[in-house]
Amino acid sequence: MLGSTPGWPAVLADGPVLLRPYKRGDARAWSEVRIANQKWLAPWESSPPGPWAEMNSTRAYAYVYQDMKRSARRGESMPFAVCLEGRLVGHINLGNIVRRAFSSAYAGYWVDARVAGRGVIPTALALAVDHAFGPGGLHRIEVNIRPENRPSRRVVEKLGFREEAYHQRYMHIDGGWRDHLGYALTSEEVAAEGGLLARWRRVRA
Ligand SMILES: CC(C)(COP(=O)(O)OP(=O)(O)OC[C@H]1O[C@@H](n2cnc3c(N)ncnc32)[C@H](O)[C@@H]1OP(=O)(O)O)[C@@H](O)C(=O)NCCC(=O)NCCS
Numbered sequence: 031m032l033g034s035t036p037g038w039p040a041v042l043a044d045g046p047v048l049l050r051p052y053k054r055g056d057a058r059a060w061s062e063v064r065i066a067n068q069k070w071l072a073p074w075e076s077s078p079p080g081p082w083a084e085m086n087s088t089r090a091y092a093y094v095y096q097d098m099k100r101s102a103r104r105g106e107s108m109p110f111a112v113c114l115e116g117r118l119v120g121h122i123n124l125g126n127i128v129r130r131a132f133s134s135a136y137a138g139y140w141v142d143a144r145v146a147g148r149g150v151i152p153t154a155l156a157l158a159v160d161h162a163f164g165p166g167g168l169h170r171i172e173v174n175i176r177p178e179n180r181p182s183r184r185v186v187e188k189l190g191f192r193e194e195a196y197h198q199r200y201m202h203i204d205g206g207w208r209d210h211l212g213y214a215l216t217s218e219e220v221a222a223e224g225g226l227l228a229r230w231r232r233v234r235a
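Residue numbering for the sequence shown is 31 to 235, as defined by the numbering used here.
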């Protein structure tokens with residue numbers, strides 16, 4: 031039902047990392063970070079239907095923004111801008127949300143190479159998962175990762191996601207159908223520990 035999406039909109043924060051819905055005014059920051067990171071992001075994303083610079087221009091952002099807004103309003107996704115010390119540096123989305131007996135979503139993410147290795151995305155994913163399992167009313171979060179994407183596999187491994195599947199030719203990424211490893215976590219698995227952020231803080235300490 032429109033206007034009653036559990037858990038959306040939301041602003042989530044831990045230290046310098048803040049997750050918030052996108053704004054119309056993010057066009058310039060989004061376009062700058064996407065264009066600066068073409069080589070870093072392209073191997074892990076679906077092939078754009080046009081040149082990278084064009085697909086990630088401030089003009090393209092207007093469409094991306096409307097699309098994210100529409101899908102969030104329908105309750106199909108929770109697309110967050112990831113900010114570090116107030117600057118937009120990445121993205122995390124809980125997508126393909128299916129409710130009722132499944133109550134599940136897929137998480138996808140990226141971060142600016144200039145701030146990689148600082149735990150921004152594990153923190154963002156922990157925040158998003160705790161939110162999904164709490165106000166979002168979901169039960170399960172999946173992350174699908176190309177086997178060769180070591181940094182992304184480290185993110186889910188550090189957070190204790192279960193590796194549970196090998197999907198052959200699963201998604202069309204960077205120009206071809208690519209195998210993916212399936213990782214997942216259900217709410218029961220982190221409830222006893224006080225949530226995924228609490229677990230991540232212990233791992234980090
Ligand atoms: C995967 C990704 C989101 C990780 O985000 P992050 O905030 O850097 O995560 P972390 O800080 O926990 O680092 C994860 C791993 O990246 C690697 N790493 C660290 N610094 C790095 C750097 N400067 N450059 C490349 N990789 C680095 C390390 O292996 C690290 O694991 P470790 O903590 O065991 O050493 C980021 O690498 C990225 O955006 N990659 C391109 C897009 C992508 O792959 N998205 C996910 C698709 S499934």
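From the three backbone atoms N, C-alpha and C, an ideal C-beta is built for every residue, glycine too.
Only a predicted model underlies this, so the values are computations on that prediction, with no experimental measurement involved.
task: Determine the burial state of residue 77: buried for a count of at least 16 other Cβ atoms within 10 Å of its Cβ, exposed for fewer.
output: Classification for residue 77: exposed.
Option in 52, 105, 68 with minimal Cα separation from residue 37: 105
- prompt: If you measure from the CB of residue 149, is any heavy atom of ligand 1 nearer than 7 Å?
  reply: yes
- request: Taking only runs that begin and end inside the segment 181 to 221, name each unbroken alpha helix (DSSP H) of 4 or more residues, in chain order.
  value: 217 to 221
task: Verify whether the separation of the beta carbon atoms of residue 59 and residue 118 is less than 8 Å.
output: yes
message: Is any non-hydrogen atom of ligand 3 found closer than 7 Å to the C-beta of residue 49, if you look at the structure I gave you?
response: No copy of ligand 3 occurs in the structure displayed; its ligands are ligand 1 alone.
query: Terminal residues of the continuous alpha helix (DSSP H) containing residue 227?
result: 226 to 234
- request: Could you pull out every residue in the same chain whose Cβ sits closer than 7 Å to the Cβ of residue 145, ignoring the five residues on either side in sequence?
  value: 114, 119
Check: residue 60 C-beta below 7 Å from any heavy atom of ligand 1: no
message: By the three-class DSSP mapping on this structure, what secondary structure does residue 248 have?
response: The structure shown has nothing for residue 248, since the chain only spans 31 to 235.
Residue 49, enclosing beta strand (DSSP E) - first and last residue: Residue range 47 to 51 is occupied by the beta strand (DSSP E) that includes residue 49.
query: So what's residue 116 in DSSP terms, helix, strand or just coil?
result: coil
field: CB-CB length for residue 191 against residue 173, believed under 8 Å
entry: Their Cβ separation, rounded to whole angstroms, is 6 Å, which keeps residue 191 and residue 173 in contact under 8 Å.
message: Spatial neighbours of residue 54 within its chain, please: C-beta separation below 7 Å, excluding the five flanking residues on both sides.
response: The beta carbon of residue 54 is closer than 7 Å to those of 95 in its chain, skipping five residues each way along the sequence.
Cβ of residue 163 within 8 Å of any chain C Cβ: Among the chains in the structure shown there is no chain C, since it carries only a single protein chain.
message: Check this for me: beta carbons of residue 137 and residue 122, under 8 Å apart or not?
response: yes
message: Please classify residue 163 as buried or exposed, where buried requires at least 16 neighbouring CB atoms within 10 angstroms.
response: buried
query: Cβ of residue 76 versus every heavy atom of ligand 1: is any distance shorter than 7 Å?
result: no
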